[in-house]
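Visitor: Numbered by the working numbering, the letters in the sequence shown go through residues 136 to 432 in order.
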Amino acid sequence: MSLHVSLEQWRTLVAVVDAGGYAQAAARLHKTQSSISYAIQQIEDRLSVVIFQIEGRKAELTETGRVLYRRAKALGEEAERIERTAGKLAQGREPLVSLAVESLFPIGLLLDSMERFSQEVPDTRIELYESVMGGTDELLSERQVDLAICADTIPAGFAGDFLMPYRAVAVAAPSHPLHHLKRNPVLDDLRGHTHLIIRDSGTRRTREGAWDVAEQRWTVSHRTTSIRAACMGIGFAWYAEDWIQDKLRTGQLAQLRLTEGAERRGALYLVYSDPDGAGPSARRLADIIRENAAKPA
């Protein structure tokens with residue numbers, strides 16, 4: 136009999152841990168509980184290890200079991216990526232490309248890129264996730280998208296290409312008290328007013344609030360809500376220039392003449408979820424985005 140542990144058995148181990156028990160794993164995998172128990176027993180016997188130990192009434196992973204679980208989970212994820220890659224190669228062009236885009240990326244440039252792609256590759260659909268900070272990272276890390284445009288940092292375990300810089304400016308409505316000081320405001324002056332913040336769309340909120348400067352704040356989910364509040368004179372904020380060009384032009388918003396911190400600059404990066412497994416449609420969309428981002432503003 137072969138002493139090798141099969142991929143299916145490793146996947147069973149992962150299911151038991153993730154589901155919280157043998158019965159739950161059996162339901163998730165549509166198998167009998169006895170077959171789940173047998174698979175775990177086979178791993179233990181073939182490798183001469185103990186994966187679970189009984190503590191009270193519950194089976195807990197041993198230290199060896201925790202190591203094997205982590206490795207088995209990584210093995211299963213890699214196998215899934217290989218299977219997805221094979222499927223894309225077999226299909227030729229993939230029917231769907233999913234894209235997560237940090238909201239700081241200029242919307243006009245994004246829509247132009249998507250329109251050009253659709254004209255070139257009309258049979259491939261695009262699924263767009265408009266995300267903020269950690270939300271972009273999560274979509275990428277969880278392999279829910281083929282491509283992502285990330286701001287400032289690239290998630291650990293991924294490699295990306297610099298796409299373009301961005302610039303955000305501090306603004307408030309012309310009627311806001313910060314515009315009517317007898318001197319240029321400093322950061323301490325901001326702390327007495329409402330800071331308008333757009334919520335990180337990630338569930339884990341892994342990004343630190345580097346732009347949070349006041350205890351008094353409104354945190355909203357959409358930039359349109361935040362910008363509307365700023366135009367009403369409710370508070371101040373830093374916005375990407377692309378978002379508020381028309382508001383600055385019509386005088387609904389005005390830049391704050393802060394002595395420091397009046398603008399914040401950063402970089403946007405284009406990142407593949409799986410560079411080796413990216414299909415021809417995903418690669419073409421990435422090329423179009425790069426080409427458009429490189430054009431003079």
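We put the beta carbon where it would ideally sit given N, CA and C, even for glycine.
Going by the CB atoms, is the gap between Ile284 and Phe240 shorter than 7 Å?
Guide: Taking 7 Å as the Cβ cut-off, Phe240 and Ile284 qualify as a contacting pair.
Visitor: State yes or no: is the C-beta of Gln144 within less than 7 Å of the C-beta of Ala158?
Guide: Their beta carbons are not under 7 Å apart, which means Gln144 does not touch Ala158 by this criterion.
Visitor: Cutting at 6 Å between CB atoms, please list the residues of its own chain near Asp164, excluding the five before and the five after it.
Guide: The displayed chain sequence assigns Leu, not Asp, to residue 164. If we look at Leu164 and ignore the five residues flanking it on each side, its Cβ neighbours are Ala150.
Visitor: Does Glu229 come out as helix, strand or coil in the three-state DSSP assignment?
Guide: Glu229 falls in the coil class under three-state DSSP.
Visitor: By how many angstroms is the C-alpha of Glu213 removed from the C-alpha of Ala364?
Guide: Cα to Cα, the separation comes out at about 46 Å.
Visitor: State the DSSP-derived secondary structure class of Pro300, mapped to helix, strand or coil.
Guide: If DSSP states are grouped into helix, strand and coil, Pro300 belongs with the strands.
Visitor: Does the contact criterion of 3 or more C-beta pairs under 8 Å hold for the region 302-309 versus the region 244-259?
Guide: These segments do not touch.
Visitor: Helix, strand or coil, according to DSSP, for Val152 in the structure here?
Guide: In the structure shown, Val152 sits in a helix (DSSP, three-state: H, G or I).
Visitor: Quick one: Cα of Glu273 to Cα of Arg318, how far?
Guide: If you take the alpha carbons of Glu273 and Arg318, they lie about 43 Å apart.
Visitor: Below 6 Å CB to CB, which residues in the same chain sit around Thr197 once its five sequence neighbours on both sides are set aside?
Guide: The residues are Val185, Gln188.
Visitor: Which residues does DSSP pair with Leu182 in a beta bridge?
Guide: According to DSSP, which records beta bridges pairwise, Leu182 is partnered with nothing at all.
Visitor: Can you tell me whether DSSP reads Glu212 as helix, strand or coil?
Guide: Helix at Glu212.
Visitor: Sort Ala291, Glu395, Asp335 by Cα distance to Val321 and report the nearest one.
Guide: Looking at the Cα atoms, Glu395 is the closest of the given residues.
Visitor: Residues in its own chain within less than 8 Å of Arg260 by CB, not counting five upstream and five downstream?
Guide: If we look at Arg260 and ignore the five residues flanking it on each side, its Cβ neighbours are Pro230, Leu231, Val232.
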